[in-house]
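Participant: Residue numbers (my numbering): 2 to 429. Just so it is clear, CB atoms sit at the ideal spot from N, CA and C, and this is done for glycine as well. Okay, here's the structure, questions in a sec.
This is the structure:
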């Protein structure tokens, strides 16, 4: 599998940005290491280009006639290899060269048919859709591997998705532009499309794992039989006698809930196995905001439905832990893809400075997709584009695009404050 052509650009006028992207793509497609006839395009734009989304898609489709299928969405930021664009007009594109019988673009007007065997799927979702967690879980159940990756669109007013299927739309939608809103869309992949995907959390636990013993919808009333608010304040070492200090501490705190079934002992192990290495939660934990306090019942309200028996731990966003965990997942991906025995050429490539390391066939990375939380990115990691710099140093100079969303999708769950890195793997 050859490298996937990719490009990115920023410009106040979308026509100029699109022209820059097309020039980059054409230059790469003329190189022998890159795919010359890709048929699937991933398109991500910042919300500055929302009003021009249809024009951007139409121009790219017209200028790249071999690309018959498109998928993508909007974010408050978009990313490419080594760069992040936040709060500025920008777009990023990657063209995938995959067998036509090994992927299908799906959406509300081009649903995934019964004739396609979905093994995994890239999913873009509207954050305002009703029961988005249920839709994601249902979609995961329709794949053989039960694994999804992707994220929720993010923009200052609503969301949009790109979905153009070469197989056409359902009756009555033949003239649809391919710019949609609501529900889910994306690309389902067949079993021959090899992927390696990892989730990195950006939060550090600040309490031990506890069990919800009483809950009312999204309010945790008691933890291990004790009033939840009292437990929270005790874990944060604050009291209501000093309300400003207590309020600041609570605002900086989130709740990590174990989403995998099992006993409390199993949940504790899921969390504690990651703590010695990075101080971070594992991928079986979803993080949610604390959205309020219930002084009457001494409860804690969180941004999710909570049931009795749920295991959770309080946590805080932590820059150093986020860096360490991002490096960890990148290293895991790299180590899984590198051959057990290194040839001289690859060994030399791996020992060059990462900033100079070009894509190497034996690395087997044809392209990569990175979806991160809008609350992460450079600002959370201490410098502009710092998050993508970490990924590049770990993986090398590989084709990569992505976006910053209002939620991230991995496995069958919707996460927050995470990064989801997915690598398309070429053959040995």
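(1) Rounding to the nearest angstrom, what Cα-Cα distance links residue 417 and residue 31 in this structure?
(2) Determine the DSSP secondary structure at residue 289, reduced to helix, strand or coil.
(3) In whole angstroms, what separates the C-alpha of residue 322 from that of residue 168?
(4) Give every residue of the same chain whose Cβ lies closer than 8 Å to the Cβ of residue 391, excluding the five residues on either side of it in the sequence, and list them in chain order.
(5) What does the alpha-carbon distance come out to for the pair residue 46 and residue 244?
(6) Is residue 289 near residue 305, with beta carbons less than 8 Å apart?
(7) For residue 416, does the three-state DSSP call read helix, strand or coil?
(8) Which residues share a DSSP beta bridge with residue 71?
(9) Helix, strand or coil for residue 324? Go by DSSP, reduced to three states.
(10) Could you work out which residue in 427, 287, 399 is closest to residue 303 when comparing CA atoms only?
(11) Please list, in chain order, all residues of the same chain as residue 278 whose beta carbon is under 6 Å from its beta carbon, the five residues on each side excluded.
(12) Return the chain-ordered list of same chain residues with a C-beta closer than 6 Å to the C-beta of residue 91, the five sequence neighbours on each side being excluded.
(13) Indicate whether the contact test is met: 3 or more Cβ pairs, each with one atom in the region 138–156 and one in the region 400–409, closer than 8 Å.
(14) Nearest-angstrom Cα distance between residue 6 and residue 126?
(15) Since residue 60 and residue 119 are thought to touch, with beta carbons under 8 Å apart, how far apart are those beta carbons, to the nearest angstrom?
(16) Is the CB-CB distance between residue 34 and residue 4 below 8 Å?
(17) When the distance is taken between beta carbons, is residue 136 closer than 8 Å to residue 185?
(18) Closer than 6 Å by C-beta to residue 22: which residues in its own chain qualify, once you throw out the five before and the five after it? Chain order, please.
(19) Does the distance from the C-beta atom of residue 197 to that of residue 72 stay below 8 Å?
(20) Please return the same chain residues whose Cβ sits closer than 6 Å to the Cβ of residue 181, not counting the five positions on each side in sequence.
Facilitator: Quick answer:
(1) Within the chain shown, residue 417 is the residue found at index 416, counting from 1. Within the chain shown, residue 31 is the residue found at index 30, counting from 1. In this structure, the straight-line span from the alpha carbon of residue 417 to that of residue 31 is close to 39 Å.
(2) For the purposes of this step, residue 289 is taken as the residue at position 288 of the chain shown. Residue 289: strand per DSSP, three-state reduction.
(3) As a working note, residue 322 is residue 321 in the chain shown. As a working note, residue 168 is residue 167 in the chain shown. The C-alpha of residue 322 lies about 45 Å from the C-alpha of residue 168.
(4) Translated into positions along the chain shown, residue 391 becomes position 390. These residues qualify, in order along the chain: 324, 327, 328, 331, 382.
(5) As a position in the chain shown, residue 46 is number 45, starting the count at 1. As a position in the chain shown, residue 244 is number 243, starting the count at 1. Each residue's alpha carbon lies about 42 Å from the other.
(6) Taking the chain shown and counting its residues from 1, one reaches residue 289 at position 288. Taking the chain shown and counting its residues from 1, one reaches residue 305 at position 304. Yes, the pair counts as a contact, with Cβ atoms nearer than the cut-off.
(7) Indexing the chain shown from 1 puts residue 416 at position 415. Residue state for residue 416 is assigned as strand, using DSSP reduced to three classes.
(8) Your numbering for residue 71 matches position 70 in the chain shown. For residue 71, which the question treats as bridged, DSSP gives the partners 42, 165.
(9) As a position in the chain shown, residue 324 is number 323, starting the count at 1. Looking at residue 324 - three-state DSSP - the assignment turns out to be helix.
(10) Counting from 1 along the chain shown, the entry for residue 303 is found at position 302. It is 287 whose Cα lies nearest to the Cα of residue 303.
(11) Locating residue 278 in the chain shown gives position 277, where the first residue counts as 1. Legend: pLDDT at residue 278 = 42, less than 50; position of this residue unreliable, no value from coordinates given.
(12) Taking the chain shown and counting its residues from 1, the one referred to as residue 91 is at position 90. The answer, listed in chain order, is 11, 47, 79.
(13) Contact holds: three or more Cβ-Cβ distances are below 8 Å.
(14) Indexing the chain shown from 1 puts residue 6 at position 5. Indexing the chain shown from 1 puts residue 126 at position 125. Answer to the nearest angstrom: the Cα atoms are 25 Å apart.
(15) Here residue 60 refers to the residue found at position 59 of the chain shown. Here residue 119 refers to the residue found at position 118 of the chain shown. Rounded to the nearest angstrom, the Cβ distance from residue 60 to residue 119 is 30 Å, too far for a contact under 8 Å.
(16) The count along the chain shown starts at 1 and reaches residue 34 at position 33. The count along the chain shown starts at 1 and reaches residue 4 at position 3. Their beta carbons are under 8 Å apart, which means residue 34 touches residue 4 by this criterion.
(17) Residue mapping note: residue 185 aligns to position 184 of the chain shown, counting from 1. Residue mapping note: residue 136 aligns to position 135 of the chain shown, counting from 1. Residue 185 places its beta carbon less than 8 Å from that of residue 136.
(18) Translated into positions along the chain shown, residue 22 becomes position 21. Answer for residue 22: 8, 10, 94, listed in chain order.
(19) Taking the first residue of the chain shown as position 1, residue 197 is located at position 196. Taking the first residue of the chain shown as position 1, residue 72 is located at position 71. Contact: no.
(20) As a working mapping, residue 181 is identified with position 180 in the chain shown. Result list for residue 181: 108, 162, 164, in chain order.
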